[in-house]
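Numbering-wise, UniProt numbering puts 24 at position 24 of the sequence shown, and it's gapless, one number per residue.
In this text, a Cβ means the ideal position worked out from N, Cα and C, and glycines have one as well.
In what follows, a single structure is set out as structure tokens and then discussed.
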Amino acid sequence: MSKPSGSGHHSPPATLAVLGCGTLGTAILCGVLASLEVKNPLKAQQQDATPKTNGVHPSSNKSPALGIPSRFIACVRTQASANRLEGELSEFSIPVTISHDGKNAEVIQAADIVLLGCQPQDLSTCLGEPAVIDALQGKLLISILAGVTIPQIEALLHLPSNLRRGSTTVVRAMPNTASFVRASATVITTPQGTPASMLRVVDWLFASIGTVTHIPASSFDICTALCASTPAFFALFLEALVDGAVALGLKRQDAQIMGAGAMKGAAELVLSGEHPAIVREKVATPGGSTMRGLLRLEEGKLRAVVAGAFIECKMAAEGLGAAERK
1 MSKPSGSGHH SPPATLAVLG CGTLGTAILC GVLASLEVKN PLKAQQQDAT PKTNGVHPSS
61 NKSPALGIPS RFIACVRTQA SANRLEGELS EFSIPVTISH DGKNAEVIQA ADIVLLGCQP
121 QDLSTCLGEP AVIDALQGKL LISILAGVTI PQIEALLHLP SNLRRGSTTV VRAMPNTASF
181 VRASATVITT PQGTPASMLR VVDWLFASIG TVTHIPASSF DICTALCAST PAFFALFLEA
241 LVDGAVALGL KRQDAQIMGA GAMKGAAELV LSGEHPAIVR EKVATPGGST MRGLLRLEEG
301 KLRAVVAGAF IECKMAAEGL GAAERK
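Here you go:
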């Protein structure tokens with residue numbers, strides 16, 4: 001796992017463009033902005049707090065060594081999405097340019113780093129134009145598209161099979177919506193030969209919103225399901241616990257806070273090094289109420305249901321990029 005590094009400060013600051021700034025793209029952007037403001041509160045306060053709309057400026061970073069981003073562009077499709085995004089970004093003092101006019105090539109030309117957050121089925125529409133392909137030359141492209149592989153994107157951009165100087169570098173990452181609270185578990189895979197300065201920036205970007213794990217491309221869809229989809233599984237389990245508590249007379253808000261706190265505590269124990277089975281055994285004392293509850297869960301075949309749901313989720317993640325593979 002990686003932590004944010006300050007090693008990129010020797011390079012000129014970079015511009016990050018989020019192309020397709022939907023739920024996950026917004027979560028990442030908000031997490032990065034929050035991280036920057038925590039580290040540099042005085043510098044952040046000196047900047048204009050009003051998000052800019054549509055105006056973009058050419059990238060000033062011509063150095064081969066890529067710097068940490070300090071300028072931001074968020075690209076959406078509609079005015080309604082721009083209004084939504086402007087509201088979500090209003091709490092930050094670091095300015096963000098918001099573009100909704102569909103001029104992707106212009107946005108990419110103004111950026112050094114492009115975070116690709118469109119829907120997987122929209123990949124060709126988003127990146128397929130010749131002007132977009134040209135604008136991406138020499139840039140770092142980070143894809144957070146589920147089911148879409150690096151070779152698929154490279155083929156769309158007509159990139160060579162091996163990295164060459166001046167060509168687009170494509171990196172694949174999968175964070176989750178906990179980016180909003182800087183608690184994402186992000187997995188990353190990078191092609192062989194990725195420049196060290198780009199690796200530092202990728203690690204910095206995602207380590208600023210949580211933990212980072214580098215994995216081989218062959219494991220990516222498994223990790224997509226494990227890191228990006230399971231927060232919804234955990235939320236459903238929490239809802240069920242809260243429903244049970246409410247049925248017994250507890251206020252829903254109180255039950256939700258207590259249940260979430262218990263889940264967080266169990267996760268912290270595992271992250272500290274304890275095996276999940278040990279955590280369970282320590283709580284389930286002989287003849288206690290916890291053991292009776294666990295037996296009821298086993299009667300419902302909880303393990304098989306959860307494992308089966310996870311496998312189904314992984315298979316579905318593989319299928320998200322199927323249209324682009326045809």
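**Q.** Residue burial classification, Leu33 (beta-carbon count within 10 angstroms, cutoff 16)
**A.** It is buried - the Cβ of Leu33 has at least 16 other Cβ atoms within 10 Å.
Q. Under 8 Å between the Cβ atoms of Leu115 and Leu199?
A. No. Outside cutoff.
Q. Mind checking Lys139: buried by the 16 CB within 10 Å criterion, or exposed?
A. Buried is the call here.
Q: May I ask which residues mark the beginning and end of the alpha helix (DSSP H) holding Pro151?
A: Segment 150–156, the alpha helix (DSSP H) holding Pro151.
**Q.** Gln253 versus Ala178 - alpha carbon distance
**A.** About 20 Å.
**Q.** Where the alpha helix (DSSP H) containing Cys126 begins and where it ends
**A.** 123–127 is the extent of the alpha helix (DSSP H) around Cys126.
Q: Measure the CB-CB distance between Phe233 and Ala309 and report whether it falls below 8 Å.
A: Cβ atoms of Phe233 and Ala309: closer than 8 Å.
Q.
Taking the straight line between their C-alpha atoms, what separation do you get for Ile142 and Ile113?
A. Each residue's CA atom was taken as its position, placing Ile142 and Ile113 some 8 Å apart.
Q: With DSSP collapsed to three states, give me the class of Ser81.
A: Correct three-state label for Ser81: helix.
Q | Which of helix, strand or coil DSSP assigns to Ile311 | A | Helix, per DSSP.
Q.
Just to confirm, is the Cβ distance from Gly31 to Arg182 under 8 Å?
A. Note that the C-beta distance between Gly31 and Arg182 is below 8 Å.
Q.
Measuring straight from C-alpha to C-alpha, what distance separates Leu271 and Ile257?
A. Note on geometry: alpha-carbon atoms of Leu271 and Ile257 lie some 21 Å from one another.
Q) Are the beta-carbon atoms belonging to Ala173 and Ile144 less than 8 Å from one another? A) For Ala173 and Ile144, yes; Cβs fall inside 8 Å.
Q: Could you tell me whether the segment 193–213 touches the segment 229–248, where touching means 3 or more Cβ pairs closer than 8 Å?
A: Touching, no, given that fewer than three Cβ pairs across the two stretches are closer than 8 Å.
Q: Compute the Euclidean distance between the alpha carbons of Ser81 and Ser184, then round it to the nearest angstrom.
A: So the two alpha carbons sit approximately 24 Å from each other.
Q) Between which two residues does the alpha helix (DSSP H) carrying Cys223 extend? A) Run containing Cys223: 220–223, per the alpha helix (DSSP H) assignment.
Q: Assign Thr168 to one of two classes, buried (16 or more other C-beta atoms within 10 Å of its C-beta) or exposed (fewer than that).
A: Burial state of Thr168 is buried, judged by a 10 Å Cβ sphere holding 16 or more other Cβ atoms.
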